[in-house]
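Reading through the structure tokens given below for one structure.
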Amino acid sequence: MLRNFFTFLVISISFVACKTVQKSSQTDDQSATAATEHQKNDSLSSTQTDSTLIAVDSSLLQDSVKISMHPVKKDTLHIIGVGDIMIGTNFPNSSYLPIDSGKHMLADVKPVLLDADLTFGNQEGVILNEGGTQKNCSNPDLCYLFRSPEYLVQHYVDAGFDLMSLANNHAGDFGDEGRKNTMRVLDSLGIHHSGQLTHPFTIFEKENITYGFVSFSPNYGTQSINNIPEAVGIVKHLDSLSDIVIVSFHGGAEGKKFQHVTRETEEFYGENRGNVYKFSHEVIDAGADIVFGHGPHVARAIEVYKNRFIAYSLGNFATYGRFNLSGESGLAPIVKIQVDSKGVFIEGKIISAIQVGGGIPTIDPQHRAALKIKELTESDFPESKILIDLEGNIRYLHDQY
Numbered sequence: 000m001l002r003n004f005f006t007f008l009v010i011s012i013s014f015v016a017c018k019t020v021q022k023s024s025q026t027d028d029q030s031a032t033a034a035t036e037h038q039k040n041d042s043l044s045s046t047q048t049d050s051t052l053i054a055v056d057s058s059l060l061q062d063s064v065k066i067s068m069h070p071v072k073k074d075t076l077h078i079i080g081v082g083d084i085m086i087g088t089n090f091p092n093s094s095y096l097p098i099d100s101g102k103h104m105l106a107d108v109k110p111v112l113l114d115a116d117l118t119f120g121n122q123e124g125v126i127l128n129e130g131g132t133q134k135n136c137s138n139p140d141l142c143y144l145f146r147s148p149e150y151l152v153q154h155y156v157d158a159g160f161d162l163m164s165l166a167n168n169h170a171g172d173f174g175d176e177g178r179k180n181t182m183r184v185l186d187s188l189g190i191h192h193s194g195q196l197t198h199p200f201t202i203f204e205k206e207n208i209t210y211g212f213v214s215f216s217p218n219y220g221t222q223s224i225n226n227i228p229e230a231v232g233i234v235k236h237l238d239s240l241s242d243i244v245i246v247s248f249h250g251g252a253e254g255k256k257f258q259h260v261t262r263e264t265e266e267f268y269g270e271n272r273g274n275v276y277k278f279s280h281e282v283i284d285a286g287a288d289i290v291f292g293h294g295p296h297v298a299r300a301i302e303v304y305k306n307r308f309i310a311y312s313l314g315n316f317a318t319y320g321r322f323n324l325s326g327e328s329g330l331a332p333i334v335k336i337q338v339d340s341k342g343v344f345i346e347g348k349i350i351s352a353i354q355v356g357g358g359i360p361t362i363d364p365q366h367r368a369a370l371k372i373k374e375l376t377e378s379d380f381p382e383s384k385i386l387i388d389l390e391g392n393i394r395y396l397h398d399q400y
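Start counting the sequence shown at 0; every next residue gets the next number (numbering that gives the first Met the number 0).
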């Protein structure tokens, strides 16, 4: 009897234990199943997230492609202007050519000239190896003819020149042969030019900025500085097609006695050299953004009119062998200005150089060109809001108009 009781008790305990183990096993299976489902959901969520990221990346890529197809223009531009350039002539003989093929002529100023979006100079004389029809001179004592061999022009390219004015009193020194060959050589080297009647202006693009460039002088065969209505028409045309319009002029009387801007028409040797003040203001009214003047062979004042920059004369820059370079005539200012993408003047700097030897521009630590332009600007434009410090830095309080 007692044995039967213990047998029943053992069987009952075993049954309960078995049920407990079974329940535990079911719970573990449910947990495992839940865990598996959770992992599936996580995996699905991860896949969806990856797909979303891929879609976003694809969208960004498409936007990037769109941006690359429409490049953003620079907010600000640095533009350099210098004056007269004639780095050697083989007329009347080869003694007026620089030694060592002229490799040293622009070496000292090259780093400065290269540090800009665009660099401008005035080409005095023609680019021609030989021949050409010589210009007649009524007074041989006042007649200098410049014929630079073609090999010298490579130095312009190496120094970073982008623009050359061909509107000046030496553009016709060797007739049509000289004019045509000068343009041909500059074209072959990728240097833009303007001013000849057959090529008065040019429009070109560099780094997504469209530039219009036109040059004027009072001399035969060039676009006239004295026909202001025609000048205004050309500038308006360029303004309608360009982001930045640059105007160059060769005007005003020559020499140390004529360093001041008179605001009147200037006569020199019986020739009407233009009213450079009136001309500059009218072309800016028509849409010009920068005006670079040259011709007097000395530096003159600078001005900002309607927030646009004017240099009334940049003087001589690299004029070898045939120029009087004493005193102020040897100063060779390099004007570097900063403008916005619409041509509004922001600030600038007059980097002083001086010509040494036969006419080699060299950086001047005494800042003599800057100090001279500062003096002339304060004298000729006392109402100006331009401030030039002793090192040539230019600051300006913008006009409201």
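By construction, the Cβ of each residue, glycine as well, lies at the ideal position given by its N, Cα and C atoms.
{"query": "Flag this pair as yes or no: are the beta carbons of Val163 and Ile126 separated by less than 7 Å?", "result": "Per the sequence shown, the amino acid found at residue 163 is Met instead of Val. Against a cut-off of 7 Å, the Cβ pair of Ile126 and Met163 comes out as no contact."}
{"query": "What residue range is occupied by the uninterrupted beta strand (DSSP E) comprising Lys205?", "result": "Phe200 to Lys205"}
{"query": "For the beta strand (DSSP E) containing His236, name the first residue and the last one.", "result": "Premise fails: His236 lies in the alpha helix (DSSP H), Ile227 to Leu240, not in any beta strand (DSSP E)."}
{"query": "My understanding is that Thr132 touches Phe173, with C-beta atoms under 8 Å, so please give their C-beta distance in whole angstroms.", "result": "6 Å"}
{"query": "Rounded to the nearest angstrom, how far is the Cβ of His296 from that of Asp116, given a contact under 8 Å?", "result": "Their Cβ separation, rounded to whole angstroms, is 28 Å, which puts His296 and Asp116 out of contact at 8 Å."}
{"query": "Just the C-alpha distance for Glu452 and Leu96, rounded to the nearest angstrom, thanks.", "result": "Residue 452 lies beyond the stretch modelled for the chain, which goes from 0 to 400, so this question has no answer here."}
{"query": "Give every residue of the same chain whose Cβ lies closer than 6 Å to the Cβ of Val290, excluding the five residues on either side of it in the sequence, and list them in chain order.", "result": "Val246, Ser279 and Ile309"}
{"query": "If you compare alpha carbons, which of His259, His192, Tyr311 and Glu265 is closest to Gly211?", "result": "His192"}
{"query": "Answer with buried or exposed for His397, where buried requires no fewer than 16 other C-beta atoms within 10 angstroms of its C-beta.", "result": "exposed"}
{"query": "Taking CB distances under 7 Å as the criterion, tell me whether Thr209 reaches chain D.", "result": "Here there is only one protein chain, and chain D is not present."}
{"query": "Going by C-alpha distance, which of Pro228, Gly232 and Gly101 is nearest Ala158?", "result": "Gly101"}
{"query": "Please report the residue range of the beta strand (DSSP E) in which Asn121 lies.", "result": "Leu117 to Gln122"}
{"query": "Can you list, in chain order, the residues of its chain whose CB lies under 7 Å from that of Asn306, leaving out five sequence neighbours each side?", "result": "Val343, Phe344, His397 and Asp398"}
{"query": "Pick helix, strand or coil for Ser164, following the three-state DSSP scheme.", "result": "strand"}
{"query": "Of the choices Ile301, Arg178 and Gly326, whose alpha-carbon is the least far from that of Lys335?", "result": "Ile301"}
{"query": "Once you ignore the five residues that flank Ala369 on each side, which residues in its own chain have a CB closer than 6 Å to its CB?", "result": "Ile349, Ser351 and Gly391"}
{"query": "Using the Cα positions of Val231 and Asp99, report the straight-line distance between them to the nearest angstrom.", "result": "44 Å"}
{"query": "Closest to Phe203 by CA distance: which of Glu270, Lys179, Gly326 and Asp238 is it?", "result": "Asp238"}
{"query": "Straight-line CA distance for Ser147 to Asn89?", "result": "6 Å"}
{"query": "Taking all protein chains shown into account, do 16 or more other C-beta atoms lie within 10 angstroms of the C-beta of Asn167, making it buried, or fewer, making it exposed?", "result": "buried"}
{"query": "Whole beta strand (DSSP E) runs in the region 269-310 with 3 or more residues, listed along the chain?", "result": "289-293, 301-304 and 307-310"}
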